[in-house]
Every structure is written in C-alpha cells, then in structure tokens.
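Heads up: the structure comes next, in structure tokens.
Numbering (this note's numbering), first residue to last: 557 to 712.
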C-alpha cells in the first residue's frame, strides 16, 4: 500500500487495484501503429466539423434539460371570430330592433311596414351565419309573418 495515493487507502485489502487511466481512454494514440482512427473521428478540413456530426445538431446546454417551453403558447380559437361572424351577430341584433318598427308600421303605414319587414327578413337570413342561429330563425319567422300581415293590410 502506498500511503501517498488517497484512492488506494479507501479500497478494501482484498480488492484488485484500480485500472490505470491511460488504459481506460480510447484514443487513437493507443491503437496499433499502422491502424487508422475510426471514420467518425476524422475531421473534415473544409467544414471544420467531424464527419459523423454533419446530420446531427449540436445541443447547447445541459444534456438533462427538457425541451424549452415557448414563451407565448399558440392558442387556437374556440369559435371562428372573423369579421363576417361579427357582422352576422350584429344583423341578428338589428333584426330584433326592426321587429318593433315593422309592428308599428302595421297600424300607421302598412306600405312602409312591407319594406321594413323585408329588411328584417334579409337581416335574419344573414344572422343565420352567426352563433345565434336559433334566434335568427325565430326572427325570420316573425318578419315573414309581419311581411304578410302588412301586405294584407295594404290590399284592404
């Protein structure tokens, strides 16, 4: 036992001595004199990289770290929020307002009520393309009824 070697003093007395560091390394200097090193260890003088590393990217940072999380995650919209969709939603709201004018025109000016009820029908049809489909279909039925009622009032 050599007292100057700290690794030898920690080993139990019946264990074999640790292998020499030079025997563990797999360097081309230890291969036989006429043998070439493996192809992946030969550097390409033009590119400055090893031949085996051309297809692989070099990882920077800890090998134990996971993939980085993007700062702003991509969020898919739940519903289509295009300008046409908002316009159709506004058409349903306008159709609700036009019901009152078409109803008032039934008593005061039935010929104008026909035009207002037709406008309400067009708005309701356009409103069917919004998220308020059932309301738009109900308003379409109301406007069709008011159109027929105003037309009948004009014919009397």
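For glycine and all other residues, C-beta sits at the position ideal for the given N, C-alpha and C.
Along the alpha helix (DSSP H) that carries residue i, what are the first and last residues, could you check?
{"i": "residue 662", "result": "639-664"}
{"i": "residue 684", "result": "Residue 684 -> no alpha helix (DSSP H), and no H or E assigned at all."}
Between residue i and residue j, how many whole angstroms is the CB-CB distance? I'm expecting something under 8 angstroms.
{"i": "residue 662", "j": "residue 702", "result": "7 angstroms"}
{"i": "residue 648", "j": "residue 707", "result": "With a Cβ gap of about 24 angstroms, residue 648 and residue 707 do not count as contacting."}
{"i": "residue 680", "j": "residue 641", "result": "About 16 angstroms separates the two Cβ atoms, so there is no contact after all."}
Among the candidates the options, whose CA atom is the shortest distance from the CA of residue i?
{"i": "residue 691", "options": "618, 652, 675", "result": "652"}
{"i": "residue 709", "options": "679, 670, 570", "result": "670"}
CB residue i to CB residue j, shorter than 9 angstroms?
{"i": "residue 684", "j": "residue 658", "result": "no"}
{"i": "residue 698", "j": "residue 668", "result": "no"}
Using DSSP with H/G/I as helix, E/B as strand and the rest coil, what is residue i?
{"i": "residue 703", "result": "helix"}
{"i": "residue 709", "result": "helix"}
{"i": "residue 668", "result": "helix"}
{"i": "residue 617", "result": "coil"}
{"i": "residue 678", "result": "helix"}
Using a Cβ-based criterion (distance less than 8 angstroms to any ligand heavy atom), does residue i qualify as near the ligand FAD?
{"i": "residue 617", "result": "Annotation note on the ligand FAD: not contained in the displayed structure, which lists no ligands."}
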